[in-house]
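Residues in the sequence shown are numbered consecutively from 0, following numbering that gives the first Met the number 0.
All residues carry an ideal CB built from backbone N, CA and C; glycine is no exception.
Let me begin by presenting the structure, written as structure tokens, before commenting on it.
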Amino acid sequence: MESGYFREEVERLSREDLNNVIDDRVRYTIRYAADHSPFYRAWFRHHRIDPGSVRTHEDLINLPVISGKTIRENQPPVTNEFMFRSVDCEEVFTIHETSGTSGTPKSFFLTWDDWLRYAEKYARSFVSQGFSRGDRIVICASYGMNVGANTMTLAARDIHATIIPIGKCSFPSRIIRSYRPTGIVGSVFKLLHLAARMKAEGIRPEDSSIKGLIVGGESFADESRMYLSEVWECDVFNTYGSTEGTMCGECTVRQGLHVPEDLVHLDVYDPTLERFVGDGECGRAVLTTLIPVGGRAGTLLINYDTEDTTVVTTRNPCLCGRTHMKIMNPQREAETAWILGTPVNKVDIERGVFQRENMGYLTGEYEAFIYEGEETAETVLRVSMERQRDISASERELVMENFKKSFYRYKTALSPLSGDTFSLEFSFPEPGGLELSRIKGRPMRLVDRRG
Ligand SMILES: [Zn+2]
């Protein structure tokens, strides 16, 4: 797909000019925080930080890191007021909450200016993926209290595209037939389900009007993305967005996600070392809102730990022409479990499931549980993979071997323990037979059931 730029003069700034924009905005944002955010006013005082001493983005790494817990502890019911709200109530355009998968949802207050900036991040991302005037995009992300679906809709106005705001992936195939959408925003699994349903209703996804899929809202293995791309015979672009204000998108080069560096600053932090790490090193994405000089923000964050792990892969110009840095697809720390000293993420399991030769037998749906085995000091990882149909013993054997090969390739430390203190077990439930199919909401695919 051809792609231009939404705001070329910003998206292609030289590194030096971009850093100057960032540093101007860092200074302004810090000053704005000290003047308007009750939380940060107290935070600067408590940590004896002179806001005027924070001059560049490099100064941010000397400041403390805050977390989701910090936000929850500074809003009702813990405090009387929302300490992160940084404008008067009358200036608030919308109020949002995060999905609250871990405790009380975090509250976010957005002004109309914030909406325009969120929309701009999505607009840049859409254009970088080849969407523009005349495109029709189905939004399957939900139009709830999260920010994404709503501000994506506003972004379409700016790129002269049409939005079909369905808000869920379980829409009738009629939508595809009637409106001939060119793109869908959804999650990998929901788009696989949609393809299966369309096939059952006589529409081949690969022959449909869709020319690109935009996935996000969860981390996934490259293998599952490749499979989705094969099923739909179109490009699949990753995005990483959150109510906190990250909105990074993959361009047509598809080698990492561009961070809109003039609007959000991202550093990588290693919580075990308690320090920031350099490019190429893995750690948690820590973000800082950047407010344009003279602008206002309803909620702003400085050094906010997203608890998602990533790596800054490059700050060199991309083949697409953009100069903004790229990061690897972030993984959720909450989806990592430690097995005998080795971190195992949901994505490690997913990669094993989606081995290409497995996909003639599986739907792709899976879940995994970690148990303590019957024997002392034995850990069991049981992987349940939904089968498409009845599969023979030799076919099961093939799938298990493919899984093991993929899994141990990346988890080499567990391989010599295999069959000794660590074991992999498999089951192949029929369609709809996974435990997660009985649970509402975002499914937990890797569940630690050790005592
Ligand atoms: Zn690019």
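*Given a threshold of 16 other Cβ atoms within 10 Å of its Cβ, counted over all protein chains shown, does E232 qualify as buried or as exposed?*
Taking the first residue of the sequence shown as position 1, residue 232 is located at position 233. E232 comes out exposed.
*Return the first residue and the last residue of the beta strand (DSSP E) that G182 is part of.*
In the sequence shown, the residue the question calls residue 182 occupies position 183. Under the DSSP assignment, G182 falls in the beta strand (DSSP E) whose first and last residues are G182 to G185.
*asked:* Can you give me the C-alpha to C-alpha distance between L433 and P442, rounded to a whole angstrom?
replied: To locate residue 433, count along the sequence shown from 1; it is residue 434. To locate residue 442, count along the sequence shown from 1; it is residue 443. Distance between L433 and P442, taken at the CA atoms: about 11 Å.
*asked:* Given this structure, state the Cα-to-Cα distance separating M0 from I165, to the nearest angstrom.
replied: In the sequence shown, residue 0 corresponds to position 1, counting from 1. In the sequence shown, residue 165 corresponds to position 166, counting from 1. Confidence at M0 is low in this model, with a pLDDT of 47, below 50, so the placement of that residue should be treated as unreliable; the coordinate-derived value is given next. Cα to Cα, the separation comes out at about 25 Å.
_Buried versus exposed call for Y117 [16 or more other C-beta atoms within 10 Å across all chains shown]_ = As a first step, residue 117 must be located in the sequence shown, where it is residue number 118. By the neighbour-count rule (16 or more Cβ atoms within 10 Å), Y117 is buried.
*Output the boundary residues of the beta strand (DSSP E) element that contains E306.*
For the purposes of this step, residue 306 is identified with residue 307 of the sequence shown, where counting begins at 1. Judged by DSSP secondary structure, E306 falls within the beta strand (DSSP E) whose first and last residues are Y303 to T309.
*Coarse secondary structure for N328, derived from DSSP in three states*: The residue labelled residue 328 in the question sits at position 329 within the sequence shown. Of the three classes helix, strand and coil, the one that applies to N328 here is coil, per DSSP.
_Using a Cβ-based criterion (distance less than 7 Å to any ligand heavy atom), does A319 qualify as near ligand 1?_
Indexing the sequence shown from 1 puts residue 319 at position 320. A quick correction: the sequence has Cys, not Ala, at residue 319. Yes, ligand 1 has a heavy atom inside 7 Å of this Cβ.
*So does C139 have its beta carbon nearer than 7 Å to some heavy atom of ligand 1?*
Sequence index remark: in the sequence shown, residue 139 carries index 140 (1-based). C139 Cβ: outside cutoff for every heavy atom of ligand 1.
*Rounded to the nearest angstrom, how far is the Cβ of C317 from that of C250, given a contact under 8 Å?*
Your numbering for residue 317 matches position 318 in the sequence shown. Your numbering for residue 250 matches position 251 in the sequence shown. Confirmed, Cβ separation roughly 6 Å.
*Tell me whether C247 counts as near ligand 1, meaning its Cβ is closer than 7 Å to at least one heavy atom of that ligand.*
By 1-based counting over the sequence shown, the position of residue 247 is 248. In terms of side-chain proximity, the C-beta atom of C247 is found no nearer than 7 Å to any non-hydrogen atom of ligand 1.
*Reducing DSSP to helix, strand and coil, say where H56 ends up.*
To locate residue 56, count along the sequence shown from 1; it is residue 57. In this structure, H56 counts as helix in the three-state DSSP scheme.
*Buried or exposed: G182, going by 16 or more other Cβ atoms within 10 Å of its Cβ?*
Position 183 of the sequence shown, counted from the first residue, corresponds to residue 182. Buried: at least 16 other Cβ atoms inside 10 Å.
*Taking L423 and V382 to be in contact with their CB atoms under 8 Å, please state how far apart those CB atoms are, rounded to whole angstroms.*
Numbered from 1 along the sequence shown, position 424 holds the residue referred to as residue 423. Numbered from 1 along the sequence shown, position 383 holds the residue referred to as residue 382. Right, their Cβ atoms sit about 7 Å apart.
*Starting from the C-beta of V502, find all residues in its chain whose C-beta is less than 7 Å away, skip the five residues before and the five after it, and write them out in chain order.*
Residue 502 lies beyond the residue range present for the chain, which begins at 0 and ends at 450; the question has no answer from this structure.
*So the beta strand (DSSP E) A412 belongs to, where does it begin and stop?*
Residue numbering aside, residue 412 sits at position 413 when the sequence shown is read from its first letter. Taken as a continuous stretch (DSSP letters only), A412 belongs to no beta strand (DSSP E), as it is neither H nor E.
_Closer than 7 Å to a non-hydrogen atom of ligand 1 - does that hold for the CB of C250?_
Your numbering for residue 250 matches position 251 in the sequence shown. Yes.
*Is it the case that the CB of H46 approaches a heavy atom of ligand 2 more closely than 7 Å?*
Because ligand 2 does not appear in the structure shown, any question about it cannot be addressed here, the ligands present being ligand 1.
*Cut-off 6 Å between Cβ atoms - residues of its own chain near S131, not counting five sequence neighbours on either side*: Translated into positions along the sequence shown, residue 131 becomes position 132. By the criterion of a C-beta distance shorter than 6 Å, S131 is surrounded in its chain by I158, once the five residues flanking it on both sides are discounted.
*Below 8 Å between beta carbons: does that hold for G216 and I326?*
Translated into the one-based positions of the sequence shown, residue 216 becomes position 217. Translated into the one-based positions of the sequence shown, residue 326 becomes position 327. Judged by their CB atoms, G216 and I326 are not nearer to each other than the 8 Å cut-off.
*Got a sec, what are the start and stop residues for the beta strand (DSSP E) H95 sits in?*
Reading the sequence shown from its first residue, position 96 is the one you call residue 95. H95 -> beta strand (DSSP E) spans T93 to E96.
*Backbone secondary structure at D266 - three-state DSSP*: Taking the first residue of the sequence shown as position 1, residue 266 is located at position 267. Reduced to three states, the DSSP call for D266 is strand.
_Simplified DSSP state of M197, which is helix, strand or coil_ = Sequence index remark: in the sequence shown, residue 197 carries index 198 (1-based). DSSP places M197 in helix when its eight states are reduced to three.
*Short check: CB of T288 to CB of G248, under 8 Å?*
Locating residue 288 in the sequence shown gives position 289, counting from the first residue. Locating residue 248 in the sequence shown gives position 249, counting from the first residue. Against a cut-off of 8 Å, the Cβ pair of G248 and T288 comes out as no contact.
_Measuring only from the beta carbon, is H257 closer than 7 Å to any heavy atom that is part of ligand 1?_
To locate residue 257, count along the sequence shown from 1; it is residue 258. Taken from the Cβ of H257, at least one heavy atom of ligand 1 lies inside 7 Å.
*Which two residues bound the contiguous beta strand (DSSP E) that contains M246?*
In the sequence shown, the residue the question calls residue 246 occupies position 247. M246 to E249 is the span of the beta strand (DSSP E), which, as asked, contains M246.
*Check the C-beta distance from T238 over to I209 and give it rounded, since I have them as a contact under 8 Å.*
Translated into the one-based positions of the sequence shown, residue 238 becomes position 239. Translated into the one-based positions of the sequence shown, residue 209 becomes position 210. Actually they do not touch by this definition, with Cβ atoms about 17 Å apart.
*For N237, which residues does DSSP report across the bridge?*
Walking along the sequence shown from the start, residue 237 turns up at place 238. For N237, which the question treats as bridged, DSSP gives the partners V214.
*Look at the alpha carbon of P430 and the alpha carbon of E119, and state the distance between them as a whole number of angstroms.*
Translated into the one-based positions of the sequence shown, residue 430 becomes position 431. Translated into the one-based positions of the sequence shown, residue 119 becomes position 120. Note on geometry: alpha-carbon atoms of P430 and E119 lie some 41 Å from one another.
*Do you know how far the Cα of T69 is from the Cα of F236?*
On the sequence shown, position 237 is the one that residue 236 refers to. On the sequence shown, position 70 is the one that residue 69 refers to. Taking the straight line from one Cα to the other gives about 32 Å.
*asked:* Taking the alpha carbon of F421 as the reference point, which residue from A392, G351, W337 and T362 has its own alpha carbon closest?
replied: As a position in the sequence shown, residue 421 is number 422, starting the count at 1. The shortest C-alpha separation from F421 is found at W337.
_Exposure label - W111; buried when at least 16 CB within 10 Å_ = If you number the sequence shown from 1, residue 111 lands on position 112. The residue is exposed, with fewer than 16 neighbouring Cβ atoms inside 10 Å.
*asked:* Could you tell me the alpha carbon to alpha carbon distance between N134 and L445, rounded to whole angstroms?
replied: On the sequence shown, residue 134 is found 135 positions in, with the first residue counted as 1. On the sequence shown, residue 445 is found 446 positions in, with the first residue counted as 1. Note on identity: in this sequence residue 134 is Asp, with Asn being the wrong assignment. Taking the straight line from one Cα to the other gives about 37 Å.
*Give the C-beta separation of T298 and F107 to the nearest angstrom, bearing in mind that I take them to be a contact with Cβ-Cβ under 8 Å.*
Locating residue 298 in the sequence shown gives position 299, where the first residue counts as 1. Locating residue 107 in the sequence shown gives position 108, where the first residue counts as 1. The pair is a contact, with the Cβ atoms about 5 Å apart (cut-off 8 Å).
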